[in-house]
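Data block below; observations after.
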Amino acid sequence: LPGSDIPVLAVTEYVRALPDLIRPWVSAPWASLGTDGYGRSDTREELRKHFETDEASIEIAALSLLSRQGKIKGEQVSAAQTRHGRDPGTPAPWL
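Number 89 in the working numbering belongs to position 87 of the sequence shown; there are no gaps in the numbering.
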């Protein structure tokens, strides 16, 4: 990916620190999602939703990266948040 402006979204069911180990060698715009913290969920699906590593969260994060680059409008990110019932004001689960 040298010199690429294609955003990279690294997603893991482990802590975000794992994919962040390679971040210094990726010059592209970067975001990582992971299950930092303690789960309070009864199923894997609920755990992924809680830690924002589920399909909806991946979609929203990818759109957000594209929006920050000016490749799409912020309204598209907002529409995805609304479609998936996500509140952008909710604190990050690892806080």
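All C-beta atoms in this analysis are idealised placements derived from N, C-alpha and C, irrespective of residue type, glycine included.
Helix, strand or coil at residue i according to DSSP, with G and I counted as helix
i, result
"residue 64", "helix"
"residue 79", "helix"
"residue 58", "helix"
"residue 11", "strand"
"residue 20", "helix"
"residue 69", "helix"
"residue 27", "helix"
Start-to-end residues for the alpha helix (DSSP H) that takes in residue i
i, result
"residue 35", "Run containing residue 35: none in the alpha helix (DSSP H); it sits in the beta strand (DSSP E), 32-35."
"residue 86", "Looking at the DSSP string, residue 86 is not in any alpha helix (DSSP H), and its letter there is neither H nor E."
"residue 46", "46-52"
Cutoff 6 angstroms; reference residue i; Cβ partners in own chain excluding five residues on either side
i, result
"residue 21", "12, 14, 34"
Cβ pair residue i, residue j closer than 9 angstroms
i, j, result
"residue 95", "residue 39", "yes"
"residue 97", "residue 82", "no"
CA-to-CA distance, residue j to residue i, given in whole angstroms
i, j, result
"residue 88", "residue 50", "14 angstroms"
"residue 68", "residue 9", "7 angstroms"
"residue 31", "residue 7", "7 angstroms"
"residue 92", "residue 54", "11 angstroms"
"residue 45", "residue 52", "10 angstroms"
"residue 76", "residue 57", "19 angstroms"
"residue 25", "residue 18", "11 angstroms"
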